[in-house]
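The listed protein sequences correspond, in order, to chains A and B.
Under my numbering, think of the first position of the first sequence as 1, with each following residue one higher.
Under my numbering, think of the first position of the second sequence as 1001, with each following residue one higher.
All residues carry an ideal CB built from backbone N, CA and C; glycine is no exception.
Small disclaimer: the values here were computed from a predicted structure and weren't measured.
Protein chains: 2
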Amino acid sequence: MKLSTRGRYGVRALLDLALHQGEGLILLKDIARRQEVSLPYLEHLITPLIAAGLVKSTRGARGGVLLLKPPSEIKLSEVVQLLEGSIAPTDCVNNPDTCHRSDFCATRDIWIDMKKAMIQVLDGMTLQDLADRQREKVQPEKEMYHI
Amino acid sequence: MKLSTRGRYGVRALLDLALHQGEGLILLKDIARRQEVSLPYLEHLITPLIAAGLVKSTRGARGGVLLLKPPSEIKLSEVVQLLEGSIAPTDCVNNPDTCHRSDFCATRDIWIDMKKAMIQVLDGMTLQDLADRQREKVQPEKEMYHI
DNA sequence: TACTAAGTTGATTATTTTTGTCAACAATTA
DNA sequence: TAATTGTTGACAAAAATAATCAACTTAGTA
């Protein structure tokens, strides 16, 4: 039941962008450095976010990326599902046809409930909320991590 | 965020035992057949359940396994965590020391909330509840799956 | 006692997923 | 035109997962 680095790093990257909201284009290189993620890997994580319209990218010198929507309008449920695919604990939750037992499987109901509970948590948190929390946490001497 | 087969098959195996509660020793071979799991693999899944005292096993001819506690006293949270290990979405949830960012990481709070939500669902469901649900579901012509 | 049935354990292997790296490419700016 | 920056796809290393196999132990029974 672990989240992969895609989800973890991806959310951190977007949180980084939310923290720098309004500062214009942000370099992937800088996000990679602050969030301690390899640049080539981050490039792959940012791609689906661009495709989904959450992030806008500009190539070339003076290029970079920025959030296309206000952080308050980006829910973590959207982000995590974009990066991880469905967070259903089993395939049968999304598609009963993946298991011929689905019709009469009691355990499937539980996995469905688990997915709902997870989505509910992530639905209740936006990038803005996350950025606010982050600003509360960071002590001055640790500021390097979000500059 | 997928459950592994350990969790899925293991819960099914225990559900099978709950459905046959009171019938004495049940053969692993029969559980494997009904739950469509390979016997050698099931043997490995049952081991930690025996070690944890949920299941009692008897070797030799006329041997088999059975639930040591009433199904109503076995919560799915216990079972899943036994089989899957912690269901925390990240390692840092259980042990902040696995990541040096834990102290000032806002995303970690989210993963903690997710774990709590998942546990809550699994805490609210016992093997007895599951068995009751299963009995409601199974139509006569599908009975083969729990005999 | 010998034989068979059943669970136990550890070694090993196959497969899949994850986590990246690398290089060629495209677009933009100075 | 040169430098910078994001884009894409191919590829590979590493780890986790999902088994399988074989030797072993225990218990019942003829």
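**Request:** Could you pull the start and end residues of the beta strand (DSSP E) that Val65(A) belongs to?
**Result:** 64-67
**Per DSSP, cross-strand counterpart(s) of Ile26(A)** = Val65(A)
**Asked** When you compare only the Cα positions, how much space is there between Glu19(A) and Ala88(A)?
**Response** Inspection of the sequence shows that residue 19(A) is occupied by Leu rather than by Glu. Each residue's Cα considered, the two are about 29 angstroms apart.
**Prompt:** DSSP three-state call for Thr98(A): helix, strand or coil?
**Reply:** In the structure shown, the three-state DSSP call for Thr98(A) is helix.
**Message:** Can you check whether the C-beta of Ile87(A) is within less than 8 angstroms of a C-beta belonging to chain B?
**Reply:** yes
**Message:** Which residues in chain B have a C-beta closer than 7 angstroms to the C-beta of Ala117(A)? List them in chain order.
**Reply:** Ala1117, Met1118, Gln1120, Val1121
**Prompt:** Using the rule of at least 16 other Cβ atoms within 10 Å of the residue's Cβ for burial, across every protein chain shown, is Pro1071(B) buried or exposed?
**Reply:** buried
**Message:** Is it buried or exposed, Thr1047(B), if we count other Cβ atoms within 10 angstroms and call 16 or more buried?
**Reply:** exposed
**Asked** At which residues does the beta strand (DSSP E) containing Lys1056(B) begin and terminate?
**Response** 1055-1058
**Message:** Any beta carbon from chain B within less than 8 angstroms of Gly63(A)'s own beta carbon?
**Reply:** no
**Message:** Within 8 angstroms of any Cβ in chain B, is that where the Cβ of Ile147(A) sits?
**Reply:** Note that Ile147(A) has pLDDT 46, beneath the 50 cutoff, so the model's placement of it is unreliable and the number below is only indicative. Judged by the 8 angstroms Cβ criterion, Ile147(A) is not in contact with chain B.
**Asked** Could you give the distance in angstroms between the alpha-carbon of Glu36(A) and the alpha-carbon of Lys29(A)?
**Response** Each residue's Cα considered, the two are about 10 angstroms apart.
**Request:** Would you decide whether Lys1116(B) is buried or exposed? Buried here means 16 or more other CB atoms lie within 10 Å of its CB.
**Result:** exposed
**Prompt:** For the segment 48-76 of chain A, which residues have a CB atom closer than 8 angstroms to at least one CB atom of chain B, in sequence order?
**Reply:** Leu76
**Asked** Residues of chain B with a CB under 8 angstroms from the CB of Ala152(A): which are they?
**Response** Any question about residue 152(A) goes unanswered here, given that chain A covers just 1 to 147.
**Asked** Counting pairs of beta carbons, one from the segment 125-137 of chain A and one from the segment 72-84 of chain A, are three or more of them closer than 8 angstroms?
**Response** yes
**Buried or exposed (CB count within 10 angstroms, at least 16 for buried), Arg1008(B)** = Counting Cβ neighbours within 10 Å, Arg1008(B) comes out buried, since at least 16 surround it.
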